[in-house]
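Take a look at the structure below.
2 protein chains.
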Amino acid sequence: MPVGLNENEIHVLGEVVSHKRKIQRGGYLHRAGSKFQSLYAIRSGFLKTCILEQDGRQQVTGFHMTGELLGLDAISTEIHTCDAVALEDSEVCEIPFAKLEEISRTIPSLMHHFHKIMSREIVRDHGVMLLLGSMKAEERLASFLLNLSRRFLIRGYSEYNFNLRMTREEIGSYLGLKLETVSRAFSKLQDENIIRVDNKHIQINDMTRLRMKMGNSSCIT
Amino acid sequence: MPVGLNENEIHVLGEVVSHKRKIQRGGYLHRAGSKFQSLYAIRSGFLKTCILEQDGRQQVTGFHMTGELLGLDAISTEIHTCDAVALEDSEVCEIPFAKLEEISRTIPSLMHHFHKIMSREIVRDHGVMLLLGSMKAEERLASFLLNLSRRFLIRGYSEYNFNLRMTREEIGSYLGLKLETVSRAFSKLQDENIIRVDNKHIQINDMTRLRMKMGNSSCIT
DNA sequence: TATTCTAGTTGATTTGAATCAAAACATAAC
DNA sequence: GTTATGTTTTGATTCAAATCAACTAGAATA
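These protein sequence lines are chains A and B, in that order. Start counting the first sequence at 20; every next residue gets the next number (the numbering used here). Start counting the second sequence at 20; every next residue gets the next number (the numbering used here).
In structure tokens:
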């Protein structure tokens with residue numbers, strides 16, 4: 020699910036163009052409306068992307084971690100459609116898109132890999148649409164935690180213990196819920212001894228039951 | 020918003036590979052789980068794509084019309100992640116993906132255009148996420164109708180009068196609502212004289228007010 | 001023409017999440 | 001250490017949409 024590059028692939032791209040950029044916690048990598056020129060491969064850190072509604076409220080469209088590629092949405096109009104904000108100090112590698120296209124002409128495997136990455140983002144989005152369209156609060160949160168857990172595992176961290184970088188409100192925005200509902204869902208999962216919540220720290224006690232929480236919405240009801 | 024190719028572009032691709040395929044109403048263009056080899060450019064007709072939940076229920080991920088490109092989600096794993104079903108007799112042009120990649124190496128503009136199309140799909144999906152995550156029933160339906168209206172307009176049809184190809188249930192699945200809620204939202208918009216509903220036929224009487232319905236969720240409340 | 005069958009509408013009721021509100025923590029600033 | 005600020009939890013209440021149910025209209029079939 021995560022739009023990921025492995026270290027090696029990041030390295031290859033890094034050779035292509037290796038201009039790095041650091042973004043402090045709370046800083047913007049790019050803003051909606053700004054001109055698109057480069058994709059950004061995350062080297063370290065954690066970011067969110069979000070689109071703004073007419074009325075000022077925001078919808079988080081994704082949380083992004085090391086190895087993932089940002090800016091794909093901006094290729095179509097050459098204008099960024101979302102804000103990208105660092106949720107912790109982060110480092111990204113800037114990849115001028117024109118150059119990427121140019122080079123990928125001579126390296127078919129790079130081009131193909133890039134296509135796979137874009138496609139994976141589409142698949143991920145469809146998964147979120149399914150989540151938003153048909154799951155209830157607790158199922159959404161379970162799904163979210165399992166997704167994070169897997170992404171930490173892939174990156175060599177514990178799948179059972181991790182720290183959330185985002186607030187309840189940001190989780191809520193991503194999951195289509197209000198922050199109070201997110202908090203209650205956390206509490207419920209903790210009461211059932213499936214997870215242990217200590218502020219931003221999450222411990223998964225029972226992965227199997229957490230998976231069940233996600234899986235059988237309509238089976239039970 | 021629609022992932023579209025203009026007639027000319029379809030023609031260019033048509034020269035690349037011009038194997039056509041007809042799908043009868045109700046027939047499958049491809050199924051989730053089947054091997055991916057080609058993208059499909061819609062020459063005529065109307066299709067839906069949907070993913071299946073564990074429990075058998077489906078989530079419609081999109082409705083697709085002439086000029087749009089199907090199969091982008093399957094590039095990542097080379098397995099189709101969704102079903103594509105014709106909602107009316109349709110004709111598609113098969114585009115073997117390997118060939119597309121090969122040719123796009125020599126035609127930079129084609130490659131660039133393809134990237135734009137994939138990116139546009141991502142932007143569209145983010146729009147749907149916003150809709151599912153933060154709009155209420157009536158706003159979702161207004162948004163849906165305006166989107167359809169615009170796509171008909173682009174294709175040279177009336178933006179004020181058109182026939183829906185999908186059932187209330189399919190609309191509901193796409194919008195994250197139950198069919199009864201969709202029906203009620205239609206009735207409400209009709210009562211307010213914003214649209215006229217006659218079974219599958221839709222007439223938009225007041226485009227401005229329909230746009231307002233979509234726009235100011237939280238402004239009013 | 002009668003007969004299913006499917007799709008759609010509408011009403012009554014329930015329910016899950018939003019909203020409103022207050023208190024308990026944490027974090028950053030002083 | 002204390003104060004201020006932002007975040008999280010929890011409770012009470014409200015509300016929008018789901019569910020349950022009945023009925024209607026069309027399309028398809030016999």
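No residue lacks a Cβ here, since even glycine has one placed at the ideal position from N, Cα and C. In this text, all values refer to a predicted model and were calculated from it rather than measured experimentally.
I need the DSSP call for residue i, collapsed to helix, strand or coil.
i	result
B/Asn166	helix
B/Ala51	coil
A/Lys118	helix
B/Thr240	Legend: pLDDT at B/Thr240 = 25, less than 50; position of this residue unreliable, no value from coordinates given.
B/Ser177	coil
A/Gln78	strand
A/Leu196	coil
B/Leu210	Here residue 210 of chain B turns out to be Asp, not Leu, going by the sequence shown. Correct three-state label for B/Asp210: helix.
B/Val22	Note on B/Val22: pLDDT 38, under 50, position unreliable in the model; no value is reported.
B/Asp92	helix
B/Ser45	Before going further, note that residue 45 of chain B is Gly rather than Ser in the sequence given. If DSSP states are grouped into helix, strand and coil, B/Gly45 belongs with coil.
B/Lys126	A small fix is needed here, since residue 126 of chain B is Ile in this sequence, not Lys. Correct three-state label for B/Ile126: coil.
B/Met84	strand
A/Thr186	coil
B/Val241	Absent from the model: residue 241 of chain B. The displayed extent of chain B is 20 to 240, so no value can be given.
A/His145	helix
B/Thr100	coil
A/Glu72	coil
B/His155	Correcting the residue identity first, residue 155 of chain B is Lys in this sequence and not His. It is coil, neither helix nor strand.
B/Lys232	helix
B/Lys135	helix
Checking contacts by CB at 9 Å: is residue i closer than that to chain B?
i	result
A/Glu72	yes
A/Leu194	yes
A/Pro21	For A/Pro21, the pLDDT reaches just 29, beneath the cut-off of 50, and the residue's location in the model is therefore unreliable, although a value from the coordinates is still provided. No, no contact with chain B.
Going along chain A in order, which residues have a C-beta closer than 8 Å to the C-beta of residue i?
i	result
B/His83	Those within 8 Å of B/His83 in chain A number zero; the least Cβ separation is about 13 Å.
Is residue i close to chain A? Criterion is C-beta to C-beta, closer than 9 Å.
i	result
B/Ser168	no
B/Gly52	no
B/Lys135	yes
B/Leu91	yes
Would residue i be called buried (16 or more neighbouring beta carbons within 10 Å of its own) or exposed?
i	result
B/Arg44	exposed
B/Ile190	buried
B/Ser123	buried
B/His220	exposed
A/Gln78	buried
A/Ala117	exposed
A/Ile94	buried
B/His38	exposed
B/Gly52	exposed
A/Thr200	buried
B/Leu167	buried
B/Ser109	buried
A/Glu157	buried
B/Leu172	exposed
B/Val22	Per-residue confidence for B/Val22 stands at a pLDDT of 38, beneath the threshold of 50, marking its modelled position as unreliable; the derived number appears in the next sentence. Classification of B/Val22: buried, given that the 10 Å Cβ count is 16 or more.
B/Lys41	exposed
A/Ile98	exposed
B/Ser63	exposed
Which chain B residues are close to residue i, counting only those with a beta carbon under 7 Å from its beta carbon?
i	result
A/Gln78	Met148, Leu149, Gly152, Ser153
So which residues of chain A does residue i contact, with C-beta pairs closer than 9 Å?
i	result
B/Met130	Glu120, Ser123, Arg124, Met130
At a CB-CB cut-off below 8 Å, which residues of chain B make contact with residue i?
i	result
A/Pro115	None at all; the shortest Cβ gap to chain B is about 14 Å.
A/Thr100	Val142, His145
Give the residues of chain A in contact with residue i, contact being defined as C-beta atoms less than 7 Å apart.
i	result
B/Arg139	Ser95
Pairs of beta-carbons, one from the stretch 149 to 163 of chain B and one from the stretch 194 to 213 of chain B, closer than 8 Å: are there three or more?
yes
Decide if the stretch 46 to 53 of chain A is in contact with the stretch 82 to 99 of chain A; the criterion is three or more beta carbon pairs, one per stretch, under 8 Å apart.
yes
Okay, do the stretch 206 to 213 of chain A and the stretch 222 to 232 of chain A touch, 3+ Cβ pairs below 8 Å being the bar?
yes
Using 8 Å as the cut-off, can you tell me whether the stretch 123 to 137 of chain A makes contact with the stretch 169 to 179 of chain B, which would need three or more C-beta pairs spanning the two stretches below that distance?
no
Could you check whether the stretch 136 to 156 of chain B touches the stretch 66 to 73 of chain A, counting it as contact only if at least three pairs of C-beta atoms, one from each stretch, sit closer than 8 Å?
yes
Cβ contact (3+ pairs, closer than 8 Å) linking the stretch 135 to 143 of chain A and the stretch 99 to 107 of chain A:
no
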